[in-house]
Amino acid sequence: MKLISAGETAANTNNMSVEPGEDLVRIGEMSKKYGVTLRTLRFYEDKGLLNPQRDGSTRLYTRRDKARLKLILLGRKVGFSLRDVKQMMDLYDPTGSNTKQLRLALDKSEKQLARLQKQRALIDDAINELSGSMSAVRQMLAERSAPQASVAG
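Going by our numbering, the sequence shown opens with residue 9, and the numbers climb by one from there.
Below you can see the structure in the form of structure tokens.
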């Protein structure tokens, strides 16, 4: 999981100031751009994963929020829990070496990779079993639908 490359683009800074000329995106645009529902964005906000600015009741997402959402979606895609994603993102320190964050990300990634590889092996076994069963059923159907040789007496 590429935490730092996206993090270095201000994804994880805790500074909420907006740079001059920075494009702010409303929730609907954010939803369409990243293929998530409005409810999902609100949920991520409730969980502390995103922190959009407010203009009245309008949520305005910064470049930081966009980068964080990309990390959230990547983490979910590879099977991390939201708790794991948040834990890894929250360790980011824009002024530090982020060694602790990198170690945690690597540790969690290694464990997740092992889980995924185990799941793949189980899926491969299931596919092989199912394929074998389907071959047996095809053979039975072929035997039963083949014309029977009539016995003339």
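No residue lacks a Cβ here, since even glycine has one placed at the ideal position from N, Cα and C.
Contacting residues, own chain, Cβ-Cβ under 8 angstroms from residue i (five flanking each side not counted)
| i | result |
| --- | --- |
| Leu99 | Asn106, Lys108, Gln109, Leu112 |
| Arg34 | Thr66, Arg67, Leu68, Tyr69 |
Rounded C-alpha distance that separates residue i from residue j
| i | j | result |
| --- | --- | --- |
| Gly36 | Leu149 | 54 angstroms |
| Arg84 | Leu138 | 29 angstroms |
| Ser143 | Leu121 | 33 angstroms |
| Glu53 | Lys119 | 27 angstroms |
| Gln125 | Glu30 | 41 angstroms |
| Ile131 | Gly140 | 14 angstroms |
| Ala75 | Arg146 | 51 angstroms |
Three-state secondary structure (DSSP) of residue i
| i | result |
| --- | --- |
| Val145 | helix |
| Leu46 | helix |
| Thr66 | strand |
Whole-number beta carbon distance between residue j and residue i, since they are thought to touch under 8 angstroms
| i | j | result |
| --- | --- | --- |
| Arg123 | Gly87 | 7 angstroms |
| Arg71 | Pro60 | Contact flag wrong, Cβ pair sits at about 12 angstroms. |
| Asp133 | Lys116 | About 26 angstroms; that fails the 8 angstroms criterion. |
| Leu79 | Tyr42 | Not really, about 11 angstroms apart at Cβ, beyond 8 angstroms. |
| Leu49 | Ser39 | 6 angstroms |
Residue j beta carbon less than 8 angstroms from that of residue i
| i | j | result |
| --- | --- | --- |
| Tyr69 | Leu46 | no |
| Lys94 | Leu57 | yes |
| Lys55 | Leu77 | no |
Close beta carbons around residue i, own chain, < 7 angstroms, minus the five adjacent residues each side
| i | result |
| --- | --- |
| Leu11 | Confidence is the limiting factor: at Leu11 the pLDDT is only 45, short of 50, which leaves the residue's position unreliable and the question unanswerable from this model. |
Residues near residue i in its chain [Cβ-Cβ closer than 6 angstroms; skip 5 each side]
| i | result |
| --- | --- |
| Met24 | Residue placement at Met24 is flagged as unreliable, the pLDDT there being 47, under the threshold of 50; a coordinate-derived value is accordingly withheld. |
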